[in-house]
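Taking my numbering, the leading residue of the sequence shown gets 1, the next gets one more, and so forth.
A short worksheet on the structure shown next.
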Amino acid sequence: MHSSIRNLLLLVLLLGGSAALAEPASEASVRRLLEVTQARALLQQVQQQAQGMMQGLAQQSLRGKSPTPAQEAAITRMTARMVALIQEQLSWERQEPMYMRLYTQTFTEDEVAGMLAFYETPAGRATIEKMPLVLRQISQESQRSMAEMGAQLKAIQRDFVAEMQAASSKP
Numbered sequence: 001m002h003s004s005i006r007n008l009l010l011l012v013l014l015l016g017g018s019a020a021l022a023e024p025a026s027e028a029s030v031r032r033l034l035e036v037t038q039a040r041a042l043l044q045q046v047q048q049q050a051q052g053m054m055q056g057l058a059q060q061s062l063r064g065k066s067p068t069p070a071q072e073a074a075i076t077r078m079t080a081r082m083v084a085l086i087q088e089q090l091s092w093e094r095q096e097p098m099y100m101r102l103y104t105q106t107f108t109e110d111e112v113a114g115m116l117a118f119y120e121t122p123a124g125r126a127t128i129e130k131m132p133l134v135l136r137q138i139s140q141e142s143q144r145s146m147a148e149m150g151a152q153l154k155a156i157q158r159d160f161v162a163e164m165q166a167a168s169s170k171p
């Protein structure tokens, strides 16, 4: 009985240990993967989308009214500050260390090698080429969904406030 438990324990240790012995991804292979997948260019596109969203929000804040020259100047200053912050926070120089840390912590060297092999195939290159479009479309659709959900959340909140007021007026 003891030998079968010992053998089972040994098997578990061997199988579990093989995963623990997997070589973590090297910085060089992760850098190559980020280069091949054009992570820097994708991040720049995210920056541009965020800037566009900020400018759109500034215009929405006017609620269709024409701004006075002073308001226009304030909007311009605010937008410039927001764009500068986005550019700083989403710069490749600021984001690359995070990418490197997360990729090297998450993937093994074999997994990164497999991804690199895939991205060198026609399907992989098509994925790299088309992913920014897919992500942009997802972002646009998500924004529409969030706007619709925002209106619904406001309605729920109004109902709640009315219900709370009615409940507080009853003994």
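The beta-carbon is built from N, C-alpha and C at its ideal position, and this holds for glycine as well.
Please read these numbers as outputs of a predicted model, since none were measured by experiment.
Thinking just about the alpha-carbon of each residue, which of the options is nearest to the one in residue i?
i: Ala39; options: Leu116, Trp92, Gln51; result: Trp92
i: Leu227; options: Lys154, Ser145, Tyr99; result: Residue 227 falls outside the range modelled here, since the chain spans only 1 to 171, and no answer is possible.
i: Val46; options: Ala123, Gln89, Ala166, Ala28; result: Gln89
i: Pro132; options: Ala41, Glu23, Ala28, Ala22; result: Ala41
Could you pull out every residue in the same chain whose Cβ sits closer than 8 Å to the Cβ of residue i, ignoring the five residues on either side in sequence?
i: Tyr119; result: Leu33, Val36, Thr37, Arg125, Thr127, Ile128
i: Gln49; result: Arg136, Ser139
i: Ser18; result: With a pLDDT of 49 at Ser18, under the threshold of 50, the predicted position of this residue should be treated as unreliable, though the coordinate-derived value follows. Hits under 8 Å: none found.
i: Arg94; result: Glu88
Give the range of the alpha helix (DSSP H) segment to which residue i is assigned.
i: Thr127; result: 122–169
i: Phe118; result: 109–119
My guess is that residue i and residue j are in contact by the Cβ rule of under 8 Å, so how many angstroms apart are they, rounded?
i: Ser26; j: Glu111; result: Not quite, the Cβ-Cβ distance comes to about 12 Å (not below 8 Å), so this is no contact.
i: Met53; j: Thr79; result: Between Thr79 and Met53 the Cβ distance is about 11 Å, and since that is not below 8 Å, they are no contact.
i: Thr104; j: Val161; result: Contact doesn't hold; Cβ gap of about 50 Å is too wide.
i: Ile86; j: Gln59; result: Actually they do not touch by this definition, with Cβ atoms about 17 Å apart.
i: Ile75; j: Pro69; result: Their Cβ separation, rounded to whole angstroms, is 11 Å, which puts Ile75 and Pro69 out of contact at 8 Å.
With a threshold of 7 Å, establish whether the CB of residue i neighbours any heavy atom of the ligand NAD.
i: Gln140; result: Absent from the structure shown: the ligand NAD. Ligands present: none.
Which residues in the same chain have their Cβ closer than 6 Å to the Cβ of residue i, if we skip the five residues on either side of it in sequence?
i: Ser145; result: none
(request) Entirely within the stretch 17–104 and at least 4 residues each: give me those alpha helix (DSSP H) ranges in chain order. (result) 27–36, 39–60, 69–89
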